[in-house]
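Since the structure comes first, as structure tokens, the remarks are kept for the end.
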Amino acid sequence: MSLQGKRILLGVTGSIAAYKSAHLTRLLIKSGAEVQLIMSASALDFITPLTLTTLSKRPVYSDFFDKKSGEWNNHVELGLWADLFIVAPLSANTLAKFANGLCDNLLSATYLSARCPVMLAPAMDLDMYQHPAVRDNLRKAQSFGNILLDAESGELASGLVGQGRMMEPEHILMQIERFFHHKADFKGKKVMITLGPTQEAIDPVRFISNHSSGKMGLALANSFKSRGAEVYLISGPISIAIDSADFYLTQVKSASEMYQAAEAIHGSMDICVFAAAVADYAPAKIAEEKIKKDDSEMSIQLKKNVDIAFELGKIKKLGQIHVGFALETTNEEAYAKAKLDKKNFDMIVLNSATEKGAGFQHDTNSVRIFRPDGKSLDSGLVSKVQVAELILDEIKNIPVWI
Ligand code: CTP
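Residue numbers for the sequence shown follow the working numbering, beginning at 1420 and rising by one.
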């Protein structure tokens, strides 16, 4: 896919991963883009401007004034020139500036002046990336409309293993290509996504639930939205904030509430994705008052919940696409295929319950996608954003897709 004629501003900040920006520059130039680099002062400690100037065939800017020529590097002009501004790697420090509107160098001034979409590819050490201050700044930066290219998992410069590596340049290139070329391939489609866990009340203060974070469902929602779809979310209780300006959002607690909300809109949907981890059972009776303990053991009688995907699968209309998820610990493939069949899915996404970094709570996932024709596809361990993109691409391969 060519990026011919696209103008890309590439910001580089102080991080060990700065060496990868040379490779990213090369990839972007090779695919036809014009690349203008802006480096923060601390990025200069990690990679020389000479390398990046040579690869981009343009002078690299790092200050408001070019010390040699005395020329003024106009951040407003730079911001207006670009079709896309990407900062890779993005350090915690520059992220904090972006999230809070600080402006003390050419890079942050250009960020504040840019009218084009902005992509952020953070690179940090394990604990730094998970620090509440960083998480908060990432959320804040995303709430401004910036696109997060989430850090990948693997060995970090510190020797620790986990999430924090800057997304690989090849993956960044893929995201940029998708951004320019697939932008509207779901335009006109209505998509319903169930996500998160359900909570089944035992009494006014207790419930049965599971560890689903809603991250996979939300990654899908963002992908559909960015590719032009109208997205209807039916979400169980999750802690990640959902921007209600971007989606039609219905918040529910129990499986039966989720079913009612899904059933109400199902008929007008083109695509339904069942990403929720719906509790299969609920207490047969909800105690009106808080249950008090006594000296004996206690047990709770459970009743079966409605199977939302199964019920809606029975009334699936011609041309409608249903996508299901499965999380298994044994006989993974056989169970997933049985669910594909039983629930009338057009595709099922099998989450690995055993692979490190995949499944509930993680930002990464590893899935295998099955289609009714027996074909399957492995994603490998990648970010949930990439899994979402892959699922959307696969939906387009379903024969009923028009
Ligand atoms: N699902 C649903 N309603 C339920 C249970 C599951 O809509 N009450 C959907 C899930 O959102 C998922 C698919 O069905 O897309 C499979 O869910 P899973 O929990 O793996 O399967 P179950 O049918 O509940 O089987 P089991 O828990 O026994 O593996």
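Heads up, the beta-carbon is just placed ideally off N, CA and C, and yes, glycines get one too.
Asked                                                                                                                                                                        : Found
Helix or strand or just coil, what does DSSP make of Pro1702?                                                                                                                : strand
Along the chain, where does the alpha helix (DSSP H) that runs through Met1585 open and close?                                                                               : Counting along the chain, Met1585 falls outside any alpha helix (DSSP H), and DSSP gives it neither H nor E.
Can you say whether Ser1663 is buried or exposed, counting buried as having 16 or more other CB atoms within 10 angstroms of its CB?                                         : exposed
Name the residue from Phe1789, Glu1707, Glu1808 and Leu1531 whose alpha carbon lies nearest to the alpha carbon of Met1822.                                                  : Missing from the structure shown is residue 1822; the chain here goes from 1420 to 1821 and no further.
Between which two residues does the beta strand (DSSP E) carrying His1741 extend?                                                                                            : Ile1740 to Glu1747
Drop a sphere of 10 angstroms on the beta-carbon of Lys1803, count the other beta-carbons inside from all chains shown, and report buried for 16 or more, exposed for fewer. : buried
For Gly1430, which residues from the same chain have a beta carbon less than 6 Å from its beta carbon, with the 5 sequence-adjacent residues on both sides left out?         : Ile1457, Val1506 and Leu1526
For Ser1802, which of helix, strand or coil comes out of DSSP?                                                                                                               : strand
Can you round the beta-carbon distance between Tyr1538 and Leu1499 to whole angstroms, since I take them to be within the 8 Å contact cut?                                   : Per the sequence presented here, residue 1538 reads as Met, with Tyr not at that position. With 8 Å as the limit, Met1538 and Leu1499 do not qualify as a contact, their Cβ atoms being about 18 Å apart.
Just to confirm the assignment: which complete alpha helix (DSSP H) runs, minimum length 4, are found wholly within the stretch 1610 to 1685?                                : 1634 to 1645 and 1674 to 1685
Chain D beta carbons: is any one of them nearer than 8 Å to that of Ala1542?                                                                                                 : Here chain D cannot be found, since the structure has a single protein chain.
Compute the Euclidean distance between the alpha carbons of Leu1800 and Asp1782, then round it to the nearest angstrom.                                                      : 10 Å
Roughly how many angstroms separate the alpha carbons of Ala1698 and Asn1629, rounded to a whole number?                                                                     : 8 Å
Below 8 Å on the Cβ atoms is my guess for Val1610 versus Ile1690; work out the distance and round it to an integer in Å.                                                     : 5 Å
Identify whether Ala1452 lies in helix, strand or coil by the three-state DSSP scheme.                                                                                       : coil
By DSSP, does Ala1533 sit in helix, in strand, or in coil?                                                                                                                   : coil
For the ligand CTP, any of its heavy atoms closer than 7 Å to the Cβ of Val1610?                                                                                             : no
Determine the closest residue to Asp1726 out of Phe1693, Ala1757, Glu1707 and Ala1753, with distance taken between C-alpha atoms.                                            : Phe1693
Whose C-alpha, out of Gly1581, Ser1562 and Tyr1530, is nearest the C-alpha of Met1547?                                                                                       : Gly1581
Take Gln1561 and list the residues in its own chain whose beta-carbon comes closer than 7 Å to its own, dropping the five residues that flank it on each side.               : Leu1567
How big is the Cα-Cα spacing for Ala1681 and Ser1654?                                                                                                                        : 10 Å
Alpha carbon to alpha carbon, what distance is there between Ala1696 and Thr1617?                                                                                            : 7 Å
Beta-carbon within less than 6 Å of Lys1606's beta-carbon, same chain only, minus the 5 sequence neighbours each way: which residues are those?                              : Gly1647
Which whole-angstrom value describes the C-beta separation of Ser1632 and Ile1657, a residue pair presumed to lie in contact below a C-beta threshold of 8 Å?                : 6 Å
Helix, strand or coil for Lys1723, going by three-state DSSP, please let me know.                                                                                            : strand
Could you tell me if the beta carbon of Thr1748 falls within a distance shorter than 7 Å of some heavy atom in the ligand CTP?                                               : no
Within the continuous beta strand (DSSP E) that includes Arg1558, where are the two ends?                                                                                    : Not the beta strand (DSSP E): Arg1558 falls in the alpha helix (DSSP H), residues Pro1551 to Ser1562.
Under the three-state reduction of DSSP, which class applies to Ile1814: helix, strand or coil?                                                                              : helix
What distance in whole Å lies between the Cβ atoms of Met1543 and Ala1515, which are believed to be in contact at a cut-off of 8 Å?                                          : Contact doesn't hold; Cβ gap of about 12 Å is too wide.
Closest to Lys1722 by C-alpha separation, out of Gly1738, Lys1704, Ser1440 and Phe1729, would be which residue?                                                              : Lys1704
My guess is that Leu1759 and Gly1743 are in contact by the Cβ rule of under 8 Å, so how many angstroms apart are they, rounded?                                              : 7 Å
Would you tell me roughly how many angstroms separate the C-alpha atoms of Lys1735 and Lys1709, rounded to the nearest one?                                                  : 41 Å
Report all residues from its chain with a CB closer than 8 Å to the CB of Ile1817; omit the five preceding and five following residues, and keep chain order.                : Ile1740, Asp1765, Met1766 and Arg1790
Between the Cα of Ile1435 and those of Gly1615, Ala1511 and Ile1448, spot the shortest distance and give me the residue it belongs to.                                       : Ala1511
If we ignore side chains and look at the alpha-carbon of each, how far apart do Ala1745 and Ser1771 end up?                                                                  : 9 Å
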